[in-house]
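Asks:
2 protein chains.
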Amino acid sequence: MAATETTGKVAPEPIKAEPPSVTKYFALVEVVLRFLLFASALVAVLVLVTSKQTKRLQFPPFPLVITMTAKFNQSPAFIYLVAALSVTGFYAVISTLLSFYSLLKPGYFTKALSHFVVLDVLLLGILASATGAAGGVAYIGLKGDSQVGWMKVFNIYGKFCRHVGASIAISLFGSIVLVLLVLLSVYSLSKKIPK
Amino acid sequence: MAATETTGKVAPEPIKAEPPSVTKYFALVEVVLRFLLFASALVAVLVLVTSKQTKRLQFPPFPLVITMTAKFNQSPAFIYLVAALSVTGFYAVISTLLSFYSLLKPGYFTKALSHFVVLDVLLLGILASATGAAGGVAYIGLKGDSQVGWMKVFNIYGKFCRHVGASIAISLFGSIVLVLLVLLSVYSLSKKIPK
Chain A
1 MAATETTGKV
11 APEPIKAEPP
21 SVTKYFALVE
31 VVLRFLLFAS
41 ALVAVLVLVT
51 SKQTKRLQFP
61 PFPLVITMTA
71 KFNQSPAFIY
81 LVAALSVTGF
91 YAVISTLLSF
101 YSLLKPGYFT
111 KALSHFVVLD
121 VLLLGILASA
131 TGAAGGVAYI
141 GLKGDSQVGW
151 MKVFNIYGKF
161 CRHVGASIAI
171 SLFGSIVLVL
181 LVLLSVYSLS
191 KKIPK
Chain B
1 MAATETTGKV
11 APEPIKAEPP
21 SVTKYFALVE
31 VVLRFLLFAS
41 ALVAVLVLVT
51 SKQTKRLQFP
61 PFPLVITMTA
71 KFNQSPAFIY
81 LVAALSVTGF
91 YAVISTLLSF
101 YSLLKPGYFT
111 KALSHFVVLD
121 VLLLGILASA
131 TGAAGGVAYI
141 GLKGDSQVGW
151 MKVFNIYGKF
161 CRHVGASIAI
171 SLFGSIVLVL
181 LVLLSVYSLS
191 KKIPK
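Those protein sequences? They're chains A and B, same order as listed. Once you know that position 132 of the first sequence is 132 in full-length UniProt numbering, the rest is easy, because the numbers rise by one and skip nothing. Once you know that position 152 of the second sequence is 152 in full-length UniProt numbering, the rest is easy, because the numbers rise by one and skip nothing.
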């Protein structure tokens with residue numbers, strides 16, 4: 001902005017014209033990443049919430065039929081993951097809109113960026129730990145733990161297993177997007193420091 | 001440094017003397033935080049590795065005695081936590097020494113800082129997910145899951161339970177220290193941008 005105003009001098013430092021386009025490029029990448037974060041959080045929540053499966057178990061010699069239901073809210077780890085993904089998705093909507101707005105009006109970019117990176121780091125910690133917790137519980141469900149007598153249950157619930165696995169994978173993708181967002185913020189901050 | 005060399009002029013901008021002391025203060029806080037990270041990772045690994053407990057279970061009417069052992073390497077989640085804590089501790093040793101060195105010679109601070117923040121963010125993701133995974137598994141061990149028939153086992157192993165719980169709590173502290181380190185890096189970078 002300041003470089004374009006000084007038109008009186010001869011050849012007013014052509015290298016100064018680069019920073020605005022670099023900032024614009026960073027802002028565009030940030031909008032795309034934030035939208036990806038929103039999309040992944042939304043898809044992961046929907047996949048996990050719709051994972052309910054009811055199974056009728058019948059043991060052939062007996063006429064007894066047991067109806068068993070697997071749902072995400074039976075395990076605290078999956079509830080934690082849904083909560084973390086909901087918060088991430090809600091934050092991602094707001095931050096996508098604000099960073100898109102600051103892409104159109106570049107003056108607001110620095111202010112928005114410096115506040116978002118704090119929330120990005122906090123949400124990265126929350127989402128990564130929620131993904132880890134759900135992954136740890138899902139691994140026991142998949143493989144069981146013979147040492148303490150926890151039997152595997154995912155061979156009974158096929159649909160539930162697929163939904164939980166897909167949701168954890170998408171949450172992992174969301175965590176990686178958050179890492180990239182923090183690194184982008186740090187990189188774009190370090191670009192603004194004069195050499 | 002540059003402000004102290006210009007002693008020839010009358011009152012050479014006293015406000016310019018602040019930035020070096022602020023940088024020095026940031027560097028000191030960073031060394032303290034990195035040392036805390038190293039200490040917490042070391043303590044958490046030691047507490048988790050020494051959690052082995054052997055229990056002799058005897059059922060009174062029968063003469064049968066069953067020897068059961070609880071150890072961290074029976075669960076993949078605890079192995080992941082030990083691995084993540086070891087990597088974090090190893091990285092914390094190196095980064096503590098380097099940031100202490102750059103505290104003595106401030107010229108190296110910017111270069112070291114800009115490289116460390118990338119690793120800080122990555123390790124935050126890894127350590128938070130490992131803490132979450134171990135916490136999820138430990139919660140099942142503590143409370144059980146009656147829906148799928150996983151019984152609680154931490155009432156049998158008292159010492160193992162205490163060690164695992166303490167290790168997870170210290171890992172959580174380490175994750176918070178990593179969040180603070182990333183925020184400190186971002187804050188100290190944003191301080192260097194000219195207004």
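Think of the CB as a built atom: it goes at the ideal place given N, C-alpha and C, for glycine as much as any other residue.
Sort 191/B, 158/B, 92/B and 83/B by Cα distance to residue 130/B and report the nearest one.
Replies: Measuring from the Cα of residue 130/B, the nearest candidate turns out to be 83/B.
Asks: With DSSP as the reference, label residue 4/A as helix, strand or coil.
Replies: Because the pLDDT of residue 4/A is 43, which lies under 50, any placement of that residue in the model is unreliable, and the number read from its coordinates should be weighed accordingly. Residue 4/A: helix per DSSP, three-state reduction.
Asks: Helix, strand or coil for residue 192/A? Go by DSSP, reduced to three states.
Replies: It is coil, neither helix nor strand.
Asks: In angstroms with no decimal places, state the Cα-to-Cα distance between residue 180/B and residue 33/B.
Replies: Each residue's Cα considered, the two are about 8 Å apart.
Asks: Determine the DSSP secondary structure at residue 57/B, reduced to helix, strand or coil.
Replies: Three-state DSSP puts residue 57/B in a strand.
Asks: Please check if any C-beta of chain B sits within less than 7 Å of the C-beta of residue 197/A.
Replies: The structure shown has nothing for residue 197/A, since chain A only spans 1 to 195.
Asks: From 189/B, 168/B, 52/B and 184/B, pick the residue whose C-alpha is nearest to that of residue 40/B; which is it?
Replies: Minimum Cα distance to residue 40/B is reached at 168/B.
Asks: Go ahead and label residue 146/A buried or exposed: buried means 16 or more other beta carbons lie within 10 angstroms of its beta carbon, across all protein chains shown.
Replies: Residue 146/A is exposed by the Cβ-count criterion.
Asks: Please state whether DSSP places residue 50/B in a helix, a strand or coil.
Replies: If DSSP states are grouped into helix, strand and coil, residue 50/B belongs with coil.
Asks: Quick one: which residues of the segment 60 to 90 of chain B get their C-beta closer than 7 Å to a C-beta of chain A? List them in chain order.
Replies: Answer set for the segment 60 to 90 of chain B: 74, 75, 76 and 77.
Asks: Looking only at its chain, what residues have a beta carbon closer than 6 Å to the beta carbon of residue 81/A, apart from the 5 residues adjacent to it on each side?
Replies: For residue 81/A, where only same-chain residues beyond five positions count, the Cβ hits under 6 Å are 130 and 134.
Asks: Using the DSSP secondary-structure output, state which residues sit across from residue 70/A in a beta bridge.
Replies: Answer is 53/A.
Asks: For residue 186/B and chain A, any beta-carbon pair shorter than 7 Å?
Replies: Yes, residue 186/B lies at the interface with chain A (some Cβ there is under 7 Å from its Cβ).
Asks: Quick one: Cα of residue 104/A to Cα of residue 24/A, how far?
Replies: So the alpha carbons of these two residues sit roughly 9 Å apart.
Asks: Indicate the three-state DSSP secondary structure (helix, strand or coil) for residue 153/A in the structure shown.
Replies: Coil.
Asks: Per DSSP, what kind of secondary structure is residue 65/B in: helix, strand or coil?
Replies: Residue 65/B falls in the strand class under three-state DSSP.
Asks: Cα separation between residue 91/B and residue 44/B?
Replies: So the two alpha carbons sit approximately 15 Å from each other.
Asks: Does any C-beta atom of chain B lie closer than 7 Å to the C-beta of residue 189/A?
Replies: Closer than 7 Å: yes.
Asks: Which chain A residues are close to residue 99/B, counting only those with a beta carbon under 7 Å from its beta carbon?
Replies: Chain A residues near residue 99/B: none, gap ~16 Å exceeds 7 Å.
Asks: What does residue 124/B reach in chain A if we use C-beta pairs closer than 8 Å?
Replies: Neighbours of residue 124/B on chain A, chain order: 121, 124, 125 and 128.
Asks: Whose C-beta lies closer than 6 Å to the C-beta of residue 101/B among residues of the same chain, with five residues either side of it excluded?
Replies: Nothing meets the Cβ criterion.
Asks: Taking the alpha carbon of residue 176/B as the point to measure from, which residue in 194/B, 60/B and 126/B has its own alpha carbon closest?
Replies: Of the listed residues, the one whose Cα sits closest to residue 176/B is 126/B.
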